[in-house]
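To start, the structure itself, in structure tokens.
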Amino acid sequence: MQTFITNSYKETEEFASNFSKNLRPGDVIAYEGSMGMGKTVFTRGIIKGLGGDDVVSSPTFALVNEYETPLCPVYHFDMYRVNTYDDLYSTGFFDYLENGSILLIEWSENIYEALPENTVFVNISKGEEENKRTITIRTMAEE
844 MQTFITNSYK ETEEFASNFS KNLRPGDVIA YEGSMGMGKT VFTRGIIKGL GGDDVVSSPT
904 FALVNEYETP LCPVYHFDMY RVNTYDDLYS TGFFDYLENG SILLIEWSEN IYEALPENTV
964 FVNISKGEEE NKRTITIRTM AEE
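To convert a position in the sequence shown, counted from 1, into the numbering used here, add 843.
Encoded structure:
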């Protein structure tokens, strides 16, 4: 487990951009953190770091947003409204696991049992100051 502190949205985005340099097709990143913690900011940094130039937005109403990068497609899921296995299945989530893309999953705790063993967890929490964030990264093996 590794913990990092960022002091602004820009630093969070830059951290995520550097984090993305280690990502490979097939990776699954499961975000943890309440609303407004910076999960979409983190995603924007990953997309930039992978060389994508799409405008990144929260997938709250779409359930999944797709971003093209030179490495591979990246799918950004919002599982906030997923409460059952049937809900999860209807998102097409299991198909995405097999297509050689990178998956970024908000509200991953709603689908914890369905996450693959190679999942990397990124927990983002608010620090003492408004824009300060504590980012903790761990693997499923560290659970």
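From the three backbone atoms N, C-alpha and C, an ideal C-beta is built for every residue, glycine too.
Because the structure is a prediction, the values reported are computed rather than measured.
Would you say residue i and residue j are within 8 Å of each other, going by their C-beta atoms?
{"i": "I890", "j": "T912", "result": "yes"}
{"i": "G888", "j": "Y910", "result": "no"}
{"i": "L931", "j": "I954", "result": "yes"}
{"i": "V917", "j": "S944", "result": "yes"}
{"i": "N974", "j": "N850", "result": "yes"}
Decide if residue i is buried, meaning its Cβ has at least 16 other Cβ atoms within 10 Å, or exposed.
{"i": "M922", "result": "buried"}
{"i": "M880", "result": "buried"}
Taking only three categories from DSSP, how would you classify residue i?
{"i": "E949", "result": "strand"}
{"i": "S933", "result": "helix"}
{"i": "D938", "result": "helix"}
Have a look at the DSSP bridge pairing and note the partners of residue i.
{"i": "F920", "result": "V907, I948"}
{"i": "F964", "result": "A873, R981"}
{"i": "R976", "result": "T849, K969"}
Inside the stretch 845-883 only - alpha helix (DSSP H) runs reaching at least 4 residues: 852-862
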